[in-house]
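Here is the structure we will look at, set down as structure tokens.
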Amino acid sequence: VCTSRFWFNYRHVANTLSVYRSVKRLGIPDSHIVLMLADDMACNPRNPKPATVFSHKNMELNVYGDDVEVDYRSYEVTVENFLRVLTGRIPPSTPRSKRLLSDDRSNILIYMTGHGGNGFLKFQDSEEITNVELADAFEQMWQKRRYNELLFIIDTCQGASMYERFYSPNIMALASSQVGEDSLSHQPDLGIGVHLMDRYTFYVLEFLEEIHPASQTNMNDLFQVCPKSLCVSTPGHRTDLFQRDPRNVLITDFFGSVRKVEITTEALSLDRGVAGFESKFPEDELVTEPLKYAEQLPVAQIIHQKPKQKDWHPPGGFILGLWALIIMVFFKTYGVKHMKHVF
Amino acid sequence: MAAPLVLVVLAAVTVRAALYRSSLAVFIAERVEVASPLNAWKRVVEGLALLDLGVSPYSGAIFHETPLIIYLFHFLIEYAELVFMITDVLTAVALYLAIQDFNKVVFKKQKLLIELDKYAPDVAELIQTPMEMHYIPLKVALFYLLNPYTVMSCVAKSTCAINNSVIAFFILATIKGSAFLSAVFLALATYQSLYPLTLFAPALLYLLQRQFIPIKLKSKSFWLYTMQYASLYLCSLVVIICLSFFLLNSWDFIPSVYGFILSVPDLTPNIGLFWYFFAEMFEHFSLFFVCVFQINVFFYTIPLAIKLKDHPVFFMFVQLAIISIFKSYPTVGDVALYMAFLPVWSHLYRFLRNIFVLSCVLIFCSFLFPVLWHLWIYAGSANSNFYYAITLTFNIGQILLISDYFYAFLRREYYLTHGLHLTRQDGTEAMLVLK
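Structure representation (structure tokens):
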């Protein structure tokens, strides 16, 4: 997700497209990638090289090619759409390419870049998403079983604040800077006139260039990427919610689409397995008819409800005292002689 | 005089009943000028509903009525409209009887002063005659019942009507001369909203006058009577508060009612002066300014008592007006109460200087209130400054009205004793100036 627009935020688009390129190279297809960009760089009138987005100076690497599939472009990159993609609460008319069709065995990588602050990330210069909202969205995903494990990478100023509030299990988070620090950009390109990349993503990409689908590099190496000497800001990470030890987590678990494939030369017959499965079904389980909808609501009780009695009554002492006072005042003013008329 | 009064009452009841049945009732009930956090009807309903659910109604910040009101409406909530109409009628009848008695007192005093030759020879046109004073009580009842402010207050079912009726009964009891009843009703009025405490001074002055006790600080009978009246008042207040304790078996109502009135936490806009100031004030100044604003209400009692000690009913009128201008949550119902007294001082008309401008100001502001409210809240093209400007103008209009009447009254008194054609020492015509 790239949350910025306008020409001077070129580097955020380049960041995102570079990560997209690496992830595609490692095997994840477009149908499994949701790319959200403002997408106003390649065709920007200020771009001296139209239809390109470079991520290295001297225009070495064009990350905007023919096969970039942007799912949410321009003004569709909003907080609402982002949260809807994550939680799956999407109107039925949304095309499949715009949905995150994950289930409870999916590992999800979320990379966000843009301008941020302590506890928030700015979207398209008009709204922001807070760390609390993000944590709640992840919790919704967990409760709906939309992920198995989740890796959250953020490259913004004070990025560590965005993962402070996570509370759902199986989340690992990386950020480019701590609270109070700014993430800095890498190099400007004098031909294009803007900064092309951010430091953290630049070094992460250098790291990722050495990964191939079979590599055994683990997360601990990713945590070492971009030390303070190179990055000026201090990258941070959070692994307390993650069940496995980061040492045992492969980079390709998140960045690549690597499946465990076992090649066998034996033939397996499946019919016996299905029958065996059926016989495991216990026979002594009560077969109940499913409840009809109307029976679940106590409609009869509601219809024949008596009108609510007034539950509170003023205490007897109060009423007695009040009326005694009133009668005393009455007789004091009008004289005691009226008493015999009352009694 | 009973028949015209009955006619007026019938007309008023018809107007109110017609408005209750129309769609305006809901619109009026929501207006902030008519319903304040202290006396809105939906808060009463909310409090009673909370009580039915077993929760003390004072536990939140919604309900700020006294326990006696809870008791009253617990049984009468289905007949709420009737209750408010009857309350208005009772207020009007009480004011009618009070002003009738007051007229007799004014006559007696006038006759006495004429016989004692206290008046100057050429003031015949200033002396009130029975003919012109015959219709004043009816006019007072009319002014109260058919005042648009009262009608709106009644249709909105604001408990300000009950407050007004207690004060009206207090005035009736005072003018009839019964110190005990007057103390009891004053205690009830103070118990309901704190500010009628300032009406203690005019009531005391009137009762002293009636008992022919001279108001000298050294006089023993003066202090004796004052102590008697004060003790009656304080005892009844204490009795009422203790009785209220027994309704819910808790003292919760004291911070909810009196703490709320005094500390003004709710800053919903109304026709008063508090909300705007406190909405934009820094926290550490708010206590100081709350104290200043509240003292402002009570402050005018002593100077007015010194100046108006011979005219306690006028003092009561001015005090009522000051309460309804400077209280923390005023509504138009409070304004209607003191406006009902204006016919009593209709003989001051020739001395009023700004009456046209002021009545225009008051009428225009009353029409501009809903307009600027709509512009601020619904259209979004105005802001609170606009509404507060109209509030300020309305209050300035009221204050100028009261000071105009005050000046006219004092001027008439001066002319009565010194003659209409004032001359200076060298014989040229002099002009009376208020310094």
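For the record, the sequence lines run as chains Y and H. The first sequence begins at 1307 in the working numbering and counts up by one. The second sequence begins at 24 in the working numbering and counts up by one. From the three backbone atoms N, C-alpha and C, an ideal C-beta is built for every residue, glycine too. Quick caveat: nothing in here was measured; it's all calculated off a predicted structure.
Per DSSP, the unbroken beta strand (DSSP E) holding residue 1417 of chain Y starts and ends at 1413-1419. Residue burial annotation: residue 171 of chain H is exposed, with fewer than 16 other C-beta atoms found within 10 angstroms of its C-beta.
Neighbours of residue 1639 of chain Y across chain H, judged by C-beta separation under 7 Å: 201, 203, 204. Take the alpha-carbon of residue 430 of chain H and the one of residue 116 of chain H: they are about 29 Å apart.
With respect to chain H, the C-beta atom of residue 1438 of chain Y has no partner C-beta closer than 8 Å.
No Cβ of chain Y is located within less than 8 Å of the beta carbon of residue 214 of chain H. Your pair residue 1576 of chain Y and residue 1522 of chain Y does not check out as a contact, with CB atoms roughly 34 Å apart and the cut at 8 Å. For secondary structure counted as the alpha helix (DSSP H) over 4 or more consecutive residues, the segment 1525-1572 of chain Y holds these complete runs in sequence order: 1525-1530, 1534-1537, 1558-1561. Note on residue 1438 of chain Y: under 16 other CB atoms within 10 angstroms of its CB, so exposed under the neighbour-count rule.
For residue 262 of chain H, the nearest beta carbon of chain Y is closer than 8 Å to its own beta carbon.
In the pairwise beta carbon analysis, the segment 160-180 of chain H is classified as not touching the segment 203-216 of chain H: fewer than three pairs are separated by under 8 Å. Contact between residue 1419 of chain Y and residue 1308 of chain Y holds, since their C-beta atoms are separated by about 6 Å, short of 8 Å. Look at residue 1620 of chain Y: its C-beta is under 8 Å from a C-beta on chain H.
Listed as beta-bridge partners of residue 1494 of chain Y by DSSP are Y:1501. Contact with chain H is absent for residue 1529 of chain Y, since none of that chain's Cβ atoms lies less than 8 Å from the residue's Cβ. Distance from the CA atom of residue 150 of chain H to the CA atom of residue 229 of chain H, rounded to whole angstroms, is 21 Å.
At a C-beta separation below 9 Å, residue 1431 of chain Y has no neighbours in chain H, since its nearest C-beta there lies roughly 24 Å away. Along the length of the segment 1354-1439 of chain Y, whole beta strand (DSSP E) runs at least 3 residues long occupy 1413-1419, 1421-1423, 1426-1429, 1433-1436, reported in chain order. Taken through DSSP and simplified to helix, strand or coil, residue 1308 of chain Y comes out as strand. Assignment of residue 191 of chain H by DSSP, reduced to helix, strand and coil, places it in the helix class. Between residue 406 of chain H and residue 98 of chain H, the alpha-carbon positions lie close to 42 Å from each other. In the three-state scheme derived from DSSP, where H, G and I count as helix and E and B as strand, residue 1461 of chain Y is classed as strand.
For residue 209 of chain H, no Cβ of chain Y is located within less than 8 Å of the residue's own Cβ. Membership of residue 1520 of chain Y in any alpha helix (DSSP H) is not indicated, and neither H nor E is assigned to it by DSSP. Here residue 156 of chain H carries a helix assignment [DSSP, helix/strand/coil].
Residue-level contact by beta carbon fails for residue 252 of chain H and chain Y, as no gap is shorter than 8 Å.
Here residue 274 of chain H is exposed. Its C-beta has fewer than 16 other C-beta atoms within 10 Å.
Look at the beta carbons and you see the segment 269-283 of chain H touching the segment 86-100 of chain H: at least three pairs across the two are nearer than 8 Å. The beta carbon of residue 313 of chain H is closer than 8 Å to those of 285, 286, 287, 301 in its chain, skipping five residues each way along the sequence. Residues of chain Y with a Cβ closer than 8 Å to the Cβ of residue 269 of chain H are, in chain order, 1621, 1623, 1624, 1627. With respect to residue 182 of chain H, residue 62 of chain H sits close: the two C-beta atoms are nearer than 8 Å. Not a single CB atom of chain Y sits nearer than 8 Å to the CB of residue 95 of chain H. Inter-segment contact for the segment 1350-1364 of chain Y and the segment 1498-1512 of chain Y is present: three or more beta-carbon pairs are separated by less than 8 Å. For residue 1477 of chain Y, the enclosing beta strand (DSSP E) has its first and last residue at 1477-1481. Residue range 103-138 is occupied by the alpha helix (DSSP H) that includes residue 126 of chain H. For residue 75 of chain H, the closest Cβ of chain Y is nearer than 8 Å.
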